[in-house]
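Taken in order, the sequence shown gives residues 648 to 1187; the numbers are from this note's numbering. For glycine and all other residues, C-beta sits at the position ideal for the given N, C-alpha and C. Quick caveat, the model's predicted, so the values are computed rather than measured.
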Amino acid sequence: MMIMDQYDDDEQQQGAGFNPADLLRTFMRRKWLFLIPFVLCLGMAYVAIKTMRPIYFSAGQVRVIQEATAARTLTEGMPRYRSSRDADRETMTLIRTIVTSPIFLQRVVTELDLTVLDMLPGLVEAGQVTNAGKPVEGVLMDRMVSTLEKSIRVGNQESQIFTIGVRHERPELAFRLAREILDRFLEEEQAGRLEVTTTTRDFLNEQRQIYIDALENAQERLTAFQRSMLSTSLVGNPVNEQNLAQAEGLLSDFRHRIEELEFTDITQSREAARAVLPAVGQLEPLVGREADVLAIMRDLADLEYNQIVTALTARQGRDTQNLLGTMRLSLDSQLSRRIAEEYPQLGGAERRTVTMYLYTLNYRDVLDRVAARFSEQVEEYRNFLTRQPEQAANLSRLQSEVESAQSMLHNIEQDITRENLSLAASMSEIGYRIEVRREPRMPFGPIEPDKKKLAMMGIALALAIGVGLVLLAEMLDRSFKSVQQIESTLKLKVIGALPVVDDGPFDNLRRRRVLLWFIIVIVILILAAVGLLWVYPRFQ
């Protein structure tokens, strides 16, 4: 017979491996399953374009500026990020948190006097709301806020540049909402930074008062114990059991400093002064007995002693250092004036040489007084430990409480100073600020429906449905496709085949095929409608 063309062609084309021609013939044989979804999906995309309500979009841009500063006190409060991507992610979270806050959106709705007609026109059209032009509260307010939240869009266009926009069916309302949300966001962001700083500062101020009271109580207990149990020689003694070893080390260093001053500075300056003024030895006792010089030396001795106490108790000593410098200059000036009065014939350089010698000599006396005073206190406390160990332990405990309270109070005062600086930096927007890069504008045209996007979505949906139908048809097809398949199934040699008969008893098959195509078309329309008319608007 001469009716084996189809099977002969299939048989000739069979071979090992994948054959693209077989795939092409399969799709050509099922071409209507592939073409009909394209027509229906593109038609549904056209319907969506014509029936969707136009959506307008208005947005403004903000720029986040982060500036490095060399001030260590200020940089402690500045944000730290490993990369610009982390910084952008953190800023996106901050913007979304603020602009989608229900309280924030309620203020926007109230400030703009928005009504149900503005935010929920669907309820008005359905007749579910009366007095639609009046401000609302309660459940309707919550629904308006929820609708507004869904219409807000926050994006990151470039590094440290962000957009804040609003989608709405009315272009003028989209513009008003975008402008109001942008302005309020800037206010809320700055207020949030200031609130964190002021809250921390207020808490630290409260803690500061608590530790001031604790320090006063500890000092009162220590003073009372010293007055009742100890000799008057130990009252006010900065040496205790915890810092005794440190005090001895400081005393040793201080004595070493005096020795260096004696054998180096004084010896050299004495020789230089005698070369200029051989009778300088007669001036030494005269200058040392003057009231002005003695007063300055007493003040210097007190300041040097306070500096040792500061090092012993780990307190801040900037004021002591400044006063020491001032008093040293005063001593130098007083000695220089006195030498100028006694020996006016000396020149400026010669008078300076003699002044340096007398200054070094008198300052050695100051250091000797300080060393003797501090050595006496160390020795008194050692003797006290030997005579009264129990009272020494109590004294050490009370002194530790005082020092602990002083240390904590000092740390809190440093934190308060740092927070005050951080607050001032935040108010002046040093290091970190957000500024408007572009104000929202009135939209000139709708952004939705997007014809290109809907067309591409229709094509993608049609392609997916078409490929799926072709594959499904091939999987469900039980007809023979080659002579080998017939012989393998029937176990007989095939010598010929007849074409498919389409009339007579096969009328029922044709009706079933028409019904099947009708169902396929309905399913395709349903899928296209769901994808283009329901899913697409909810992802915009």
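Contact check, R814 vs S798, beta carbons under 7 Å: Taking the sequence shown and counting its residues from 1, one reaches residue 814 at position 167. Taking the sequence shown and counting its residues from 1, one reaches residue 798 at position 151. Yes.
Nearest candidate by alpha-carbon position, reference D1237, set S806, V1141 and S705: Only positions 648 to 1187 of the chain appear in the structure, and residue 1237 is not among them; the question remains open.
CA nearest to the CA of L835, picked from E1060, Q1061, S748 and P1087: Counting from one through the sequence shown, the residue named residue 835 turns up at place 188. Reading off the sequence shown, one finds Glu at residue 835, where the question assumed Leu. Checking every option, the nearest Cα to that of E835 belongs to S748.
Extent of the continuous beta strand (DSSP E) to which F1091 belongs: Here the question's residue 1091 lines up with position 444 in the sequence shown. No beta strand (DSSP E) contains F1091, which DSSP labels as neither H nor E.
Simplified DSSP state of M649, which is helix, strand or coil: Residue mapping note: residue 649 aligns to position 2 of the sequence shown, counting from 1. Confidence is the limiting factor: at M649 the pLDDT is only 38, short of 50, which leaves the residue's position unreliable, though a coordinate-based value still follows. In this structure, M649 counts as coil in the three-state DSSP scheme.
Buried/exposed call for P667, threshold 16 Cβ in 10 Å: Within the sequence shown, residue 667 is the residue found at index 20, counting from 1. With fewer than 16 other Cβ atoms from the protein chains shown falling within 10 Å of its own Cβ, P667 counts as exposed.
Beta-carbon contacts of R902 that lie in its chain and below 8 Å, excluding the five residues immediately before and after: For the purposes of this step, residue 902 is taken as the residue at position 255 of the sequence shown. Here the set comprises A1018.
Residues sharing a beta bridge with A926, DSSP: Residue numbering aside, residue 926 sits at position 279 when the sequence shown is read from its first letter. Paired residue(s): none; A926 is not in a bridge.
Inter-residue Cα distance where the pair is N1173 and L687: On the sequence shown, residue 1173 is found 526 positions in, with the first residue counted as 1. On the sequence shown, residue 687 is found 40 positions in, with the first residue counted as 1. The residue you asked about is not Asn; residue 1173 is Ile in the sequence shown. Answer to the nearest angstrom: the Cα atoms are 10 Å apart.
Same chain only: Cβ atoms within 7 Å of I943, ignoring 5 sequence neighbours per side: Looking up residue 943 in the sequence shown gives position 296. Hits under 7 Å: M974, S977, L978 and Q981.
Nearest-angstrom Cα separation, counted from A1120 out to Y1183: For the purposes of this step, residue 1183 is identified with residue 536 of the sequence shown, where counting begins at 1. For the purposes of this step, residue 1120 is identified with residue 473 of the sequence shown, where counting begins at 1. Approximately 29 Å between the Cα atoms of the pair.
Beta-carbon contacts of E1048 that lie in its chain and below 6 Å, excluding the five residues immediately before and after: Stepping through the sequence shown from its first residue, residue 1048 is reached at position 401. The residues are A865.
Exposed unless 16 or more other CB atoms sit within 10 angstroms - verdict on A695: Along the sequence shown, one-based indexing puts residue 695 at 48. Buried, since its Cβ has 16 or more Cβ neighbours within 10 Å.
D807 in three-state terms, based on DSSP: Start at 1 with the first residue of the sequence shown, and residue 807 comes out as number 160. Reading the sequence as shown, one finds Gln at residue 807 and not Asp. It is coil, neither helix nor strand.
Beta carbon of D1012 nearer than 7 Å to that of L851: Along the sequence shown, one-based indexing puts residue 1012 at 365. Along the sequence shown, one-based indexing puts residue 851 at 204. Not in contact: D1012 and L851 (Cβ atoms no closer than 7 Å).
I702, enclosing alpha helix (DSSP H) - first and last residue: Your numbering for residue 702 matches position 55 in the sequence shown. No residue range can be given for I702, since it is assigned to no alpha helix (DSSP H) and is classified by DSSP as neither H nor E.
Proximal residues to Q893 (C-beta, below 7 Å), its chain only, five neighbours per side dropped: In the sequence shown, counting from the first residue as 1, residue 893 sits at position 246. Here Q893 has L959 as same chain residues with Cβ atoms under 7 Å from its own Cβ, once five neighbours each way along the sequence are excluded.
For R1020, the nearest candidate out of L898, R790 and P684 (CA to CA): Locating residue 1020 in the sequence shown gives position 373, where the first residue counts as 1. Measuring from the Cα of R1020, the nearest candidate turns out to be L898.
Assigned exposure category for N1030 - 16 Cβ within 10 Å defines buried: Start at 1 with the first residue of the sequence shown, and residue 1030 comes out as number 383. Per the 10 Å Cβ criterion, exposed.
Test item: CB-CB of L829 and I811 under 7 Å: Taking the sequence shown and counting its residues from 1, the one referred to as residue 829 is at position 182. Taking the sequence shown and counting its residues from 1, the one referred to as residue 811 is at position 164. Cβ distance < 7 Å, so L829 and I811 count as in contact.
Spatial distance of I857 from Y952 (CA atoms): Numbered from 1 along the sequence shown, position 210 holds the residue referred to as residue 857. Numbered from 1 along the sequence shown, position 305 holds the residue referred to as residue 952. Whole-angstrom Cα-Cα distance: 31 Å.
Straight-line gap, A871 to L1042 (C-alpha atoms, nearest Å): Translated into the one-based positions of the sequence shown, residue 871 becomes position 224. Translated into the one-based positions of the sequence shown, residue 1042 becomes position 395. Roughly 11 Å separates the two Cα atoms.
Supposed contact pair M1104 and A692 - C-beta distance, whole angstroms, cut 8 Å: Numbered from its first residue, the sequence shown carries residue 692 at position 45. Numbered from its first residue, the sequence shown carries residue 1104 at position 457. About 7 Å; that satisfies the 8 Å criterion.
Contacts around A861, its chain only, beta-carbon distance under 7 Å, and the 5 residues preceding and following it disregarded: Within the sequence shown, the letter at position 214 stands for residue 861. Correct list, in chain order: A1052.
CB-CB length for E1082 against V709, believed under 8 Å: Taking the first residue of the sequence shown as 1, we reach residue 1082 at position 435. Taking the first residue of the sequence shown as 1, we reach residue 709 at position 62. 7 Å between Cβ atoms; contact.
A838 to E1066 span [Cα, whole Å]: Taking the sequence shown and counting its residues from 1, the one referred to as residue 838 is at position 191. Taking the sequence shown and counting its residues from 1, the one referred to as residue 1066 is at position 419. One C-alpha to the other measures close to 16 Å.
Where V886 falls: helix, strand or coil (DSSP): The sequence position of residue 886 within the sequence shown is 239, counting from 1. Looking at V886 - three-state DSSP - the assignment turns out to be coil, as it is neither helix nor strand.
Burial state of T698 (16 or more Cβ within 10 Å): By 1-based counting over the sequence shown, the position of residue 698 is 51. T698 is exposed by the Cβ-count criterion.
I1166, DSSP secondary structure in three states: Position 519 of the sequence shown, counting from 1, holds the residue named residue 1166. It is helical.
C-alpha gap between V1117 and R1159, whole angstroms: Here residue 1117 refers to the residue found at position 470 of the sequence shown. Here residue 1159 refers to the residue found at position 512 of the sequence shown. Rounded to whole angstroms, the gap between the alpha carbons of V1117 and R1159 is 18 Å.
Secondary structure of I1081, DSSP reduced to three states: If you number the sequence shown from 1, residue 1081 lands on position 434. Three-state DSSP puts I1081 in a strand.
Three-state secondary structure assigned by DSSP to R902: In the sequence shown, residue 902 corresponds to position 255, counting from 1. Looking at R902 - three-state DSSP - the assignment turns out to be helix.
Contacts around A1176, its chain only, beta-carbon distance under 7 Å, and the 5 residues preceding and following it disregarded: Start at 1 with the first residue of the sequence shown, and residue 1176 comes out as number 529. Within the same chain, and ignoring the five residues on either side of A1176 in sequence, the residues whose Cβ sits closer than 7 Å to its Cβ are M691.
Three-state class that DSSP yields for G640 in the structure shown: This structure cannot settle anything about residue 640, because the visible part of the chain is limited to 648 through 1187.
Cβ neighbour criterion (16 or more within 10 Å) applied to M788: Here residue 788 refers to the residue found at position 141 of the sequence shown. When all chains shown are included, M788 counts as buried.
Distance, Q1024 Cα to M1003 Cα: Working through the sequence shown from its first residue, we reach residue 1003 at position 356. Working through the sequence shown from its first residue, we reach residue 1024 at position 377. Those two C-alpha atoms are separated by around 32 Å.
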